[in-house]
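Below is one structure, written out as structure tokens, with a few remarks after it.
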Amino acid sequence: MASALVTIEEAKRQLGLDEADSAPDVRLDQLLRYASARVEDYCGRPFRLVSQDERHEGGREVIILDVRPISSVTEVSDFLDPADPVVVSAPTYDLDPDEGTLRKVDGSDWGPGRRRWRVEYEAGFASAPEAIREAVIALAGARLSEGTGAFKSERIGDYSYEKATTESGAGLPPEVSGMLDPWREGGF
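Residues 2 to 189 in our numbering are what the sequence shown lists, from first letter to last.
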């Protein structure tokens with residue numbers, strides 16, 4: 002599992018936990034890593050820096066990269082002849098880092114060909130945005146307050162008890178999914 006998007010110390014401060022008490026640190030670290038993965042999965046995008054290596058179809062005006070924002074493009078290569086790929090000079094294309102798109106400076110299409118264009122780049126965030134960190138902490142805090150989650154209901158004689166479900170269809174508390182919805186890929 003990847004590292005957490007927030008530190009244990011940051012989560013303890015936000016959750017009002019005693020920062021000097023290290024007893025919950027192992028469990029909190031697990032929950033923060035779990036929550037970070039759930040947040041990235043729900044949003045369909047990473048909130049950390051990642052290296053990407055993608056192949057794209059040709060014959061289009063724009064190459065749309067899979068992950069954004071783009072930090073840097075390492076290399077664009079033309080695989081018209083797979084035995085002899087050609088590196089495309091950076092001054093010949095424009096990058097829109099927020100949209101995650103590449104366009105040729107001269108306005109022409111990227112030459113036609115199946116999986117002809119290879120783009121290697123760095124994308125994501127050097128540090129997760131504040132709203133994302135808040136959502137990770139809120140989700141980890143919700144799981145921490147649930148305890149072990151060993152049961153959702155119990156019955157003793159005529160007495161029975163059932164915990165109310167507070168999760169959205171995505172398995173996230175509504176306040177967490179509400180915080181994340183603006184960050185979801187595809188505008189869901």
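We put the beta carbon where it would ideally sit given N, CA and C, even for glycine.
(1) Suppose contacts are defined by Cβ-Cβ distances below 8 Å. Is Arg-56 in contact with Arg-116 by that definition?
(2) Asp-67 lies in the alpha helix (DSSP H); which residues open and close that run?
(3) Considering only the alpha carbon of each residue, which of Pro-92, Asp-54 and Glu-100 lies closest to Ile-65?
(4) According to DSSP, is Thr-8 part of a helix, a strand, or is it coil?
(5) Within 10 Å of its beta-carbon, does Pro-174 have 16 or more other beta-carbons around it, so buried, or fewer, so exposed?
(6) Within 10 angstroms of its Cβ, does Glu-76 collect 16 or more other Cβ (buried), or is it exposed?
(7) What did DSSP end up calling Ser-178 once you bin it into helix, strand or coil?
(8) For chain B, is any of its Cβ atoms less than 8 Å away from the one on Arg-185?
(9) Between the segment 133-141 and the segment 26-37, do at least 3 Cβ pairs fall closer than 8 Å?
(10) Under 7 Å Cβ to Cβ from Leu-181, same chain only, skipping five residues before and after it: list those, please.
(11) When we look at the beta-carbon of Ile-157 and count the other beta-carbons within 10 Å, is it buried (16 or more) or exposed?
(12) Just curious, the beta strand (DSSP E) that Asp-97 is in, first and last residue?
(13) With H, G and I counted as helix, E and B as strand and the rest as coil, what does DSSP make of Val-137?
(14) Val-7 and Leu-33: beta carbons closer than 8 Å?
(15) Given this structure, state the Cα-to-Cα distance separating Arg-49 from Asp-85, to the nearest angstrom.
(16) Alpha carbon to alpha carbon, what distance is there between Glu-176 and Leu-18?
Quick look at the numbers:
(1) In this structure, Arg-116 lies closer than 8 Å to Arg-56 by Cβ.
(2) Annotation: Asp-67 is outside any alpha helix (DSSP H) and is labelled neither H nor E by DSSP.
(3) Of the listed residues, the one whose Cα sits closest to Ile-65 is Glu-100.
(4) In this structure, Thr-8 counts as coil in the three-state DSSP scheme.
(5) Burial of Pro-174 is indicated by the presence of at least 16 other C-beta atoms within 10 angstroms of its C-beta.
(6) With fewer than 16 other Cβ atoms inside 10 Å of its own Cβ, Glu-76 counts as exposed.
(7) DSSP places Ser-178 in helix when its eight states are reduced to three.
(8) Included in the structure is just one protein chain, with no chain B present.
(9) Contact holds: three or more Cβ-Cβ distances are below 8 Å.
(10) Closer than 7 Å at the Cβ level, and outside the excluded window around Leu-181, lie Val-40, Tyr-43, Cys-44 and Ala-136.
(11) Burial call: exposed.
(12) Unbroken beta strand (DSSP E) run through Asp-97: 94-97.
(13) In the displayed model, Val-137 falls within a helix according to three-state DSSP.
(14) A contact, by the Cβ cut-off of 8 Å.
(15) Note on geometry: alpha-carbon atoms of Arg-49 and Asp-85 lie some 34 Å from one another.
(16) Roughly 21 Å separates the two Cα atoms.
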